[in-house]
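For the sequence shown, the positions run 5 to 276 when the numbering used here is used. Note that CB positions come from ideal geometry on N, CA and C, so glycine has one too. Being a predicted model, the structure only gives us computed values, none of them experimental. Some notes on the structure that comes next.
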Amino acid sequence: MLYERVSVPSTDGFSLPLDLYCPEVCEDIDPDIQRPAVVICPGGAYQFLSHREAEPVALAFASMGFNAFVAWYRVAPYRYPRPQQDAAAAVAWVRAHAAQTHTHPDKIAVMGFSAGGHCAASLGVWWPKGELWKELGLTPEQVKPNALVLSYPVITGGEKAHRGSFENLSGSLDTSEHLRYSLETQVTEQTPPAFLWHTWTDEAVPVENSLLFATALKAHGVQAEVHLFPFGAHGASLCNPQTSGVRNPHFVLPDCAQWPGMAADFLRRVLA
């Protein structure tokens with residue numbers, strides 16, 4: 005496996021750490037292979053980044069035939085649009101280095117967890133928006149994701165908001181200010197296909213976040229797959245012992261642990 009950390013230029017002179025997990029190219033199978041890719045944005049309420057939603061997820065998707073990249077984007081005290089610009093820079097880097105990593109340049113999904121889901125979905129709805137790519141010296145086509153995978157994502161700044169995420173992203177306690185970052189109101193026909201999963205009992209980021217985004221996708225004719233599991237706390241990552249360990253046994257959720265395979269199947273269909 006090609007594993008290394010590269011530094012990707014972003015705004016304000018920031019060097020974005022991007023971890024690469026790319027399976028070896030086997031001459032006996034396909035020396036010219038171009039794999040689909042996932043760019044992973046861990047969660048953490050725009051306050052920290054969860055390692056439980058980083059390398060284990062990358063390795064899981066690498067084992068299913070994807071090139072995986074973990075983007076360690078900026079969080080508070082950095083505010084919007086810095087995290088989104090970092091995600092945009094990561095996608096553009098993967099696309100620009102597609103030949104080097106045997107990645108298909110038009111099969112790049114952005115995957116996010118919780119607030120990382122908001123970061124990923126932000127790029128999905130705002131990729132045509134100049135403030136995400138102009139400072140980077142890029143074009144919208146360079147930063148556009150071809151699909152989204154959103155795990156228990158923060159979406160709405162309205163009634164069902166995860167307030168901490170929006171306070172960290174905006175730097176404001178004014179809830180009316182949070183509405184400008186509500187993604188369910190900004191979906192368009194240009195939003196890429198999306199896979200979403202959530203648990204019905206999520207008390208930190210209510211399930212309505214995924215429902216609102218899915219409804220907006222449906223209204224704009226965007227392909228989506230949505231899985232709602234009846235039980236499970238927020239932040240379960242792969243929902244198996246690997247990402248739960250001795251500290252979080254409540255995150256071992258066999259039903260929810262099906263989501264990576266479901267997401268991989270969805271990506272293979274929509275990126276075909």
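Unbroken beta strand (DSSP E) run spanning L24, endpoints: In the DSSP assignment, L24 falls within the unbroken beta strand (DSSP E) covering 19-26.
Length-filtered (4 minimum) alpha helix (DSSP H) runs lying within the region 98-170: You should have 102-105, 119-130, 134-137, 144-147.
Touching by the beta-carbon criterion (3+ pairs, under 8 Å), the region 75-85 and the region 25-34: No, the region 75-85 is not in contact with the region 25-34.
Among F270, P264, D269, R272, nearest to A62 - alpha-carbon criterion: If we check each option's Cα against that of A62, P264 comes out closest.
Segment limits, beta strand (DSSP E) that includes W201: It spans 198-203 - the beta strand (DSSP E) in which W201 sits, taken as one unbroken run.
Nearest-angstrom Cα separation, counted from F52 out to I37: Between the C-alpha atoms of I37 and F52 there is a straight-line separation of about 35 Å.
A96 versus Q246 - alpha carbon distance: Rounded to the nearest whole angstrom, the CA to CA distance from A96 to Q246 is 31 Å.
Secondary structure of L232, DSSP reduced to three states: Per DSSP, reduced to three states, the secondary structure at L232 is strand.
Beta bridge counterpart(s) of A75 as assigned by DSSP: The partner list for A75 (beta bridge, DSSP) reads L22.
A218 beta carbon less than 9 Å from that of P197: No. Outside cutoff.
Inter-residue Cα distance where the pair is P210 and T195: Using only the alpha carbons, I get a separation of about 22 Å.
Nearest-angstrom Cβ-Cβ length linking L1 and Y50, presumed shorter than 8 Å: No answer is possible for residue 1: it lies beyond the span of the chain, which begins at 5 and ends at 276.
Meets three-Cβ-pair contact criterion under 8 Å: the region 87-107 and the region 21-28: The region 87-107 makes contact with the region 21-28; the number of CB pairs closer than 8 Å reaches 3 or more.
Touching by the beta-carbon criterion (3+ pairs, under 8 Å), the region 230-246 and the region 174-188: Counting Cβ pairs under 8 Å, fewer than three are found: no touch.
Same chain only: Cβ atoms within 7 Å of E139, ignoring 5 sequence neighbours per side: Correct list, in chain order: T15, Q89.
I112 and V74 closer than 9 Å at C-beta: In this structure, I112 keeps its C-beta atom at 9 Å or more from the C-beta atom of V74.
Rounded C-alpha distance that separates G69 from A268: Using only the alpha carbons, I get a separation of about 9 Å.
One or two residues paired with P13 in a DSSP bridge: Listed as beta-bridge partners of P13 by DSSP are S19.
Chain D contact for G249 (CB, 9 Å cutoff): The chain labelled as chain D is not found in the depicted structure, where only one protein chain is given.
Nearest-angstrom beta carbon gap, V42 and F65 [assumed within contact, 8 Å]: Rounded to the nearest angstrom, the Cβ distance from F65 to V42 is 5 Å, consistent with a contact under 8 Å.
Proximity of A72 and C123 at Cβ, strictly below 9 Å: Going by beta carbons, A72 and C123 fall outside the 9 Å limit.
Closest Cα partner of L177 within the set Q190, E188, G161: Scanning Q190, E188, G161 for the CA closest to the CA of L177 turns up G161.
Cβ-Cβ distance between T203 and A240 below 9 Å: Their beta carbons are under 9 Å apart, which means T203 touches A240 by this criterion.
Alpha-carbon to alpha-carbon, L275 and A151: About 8 Å.
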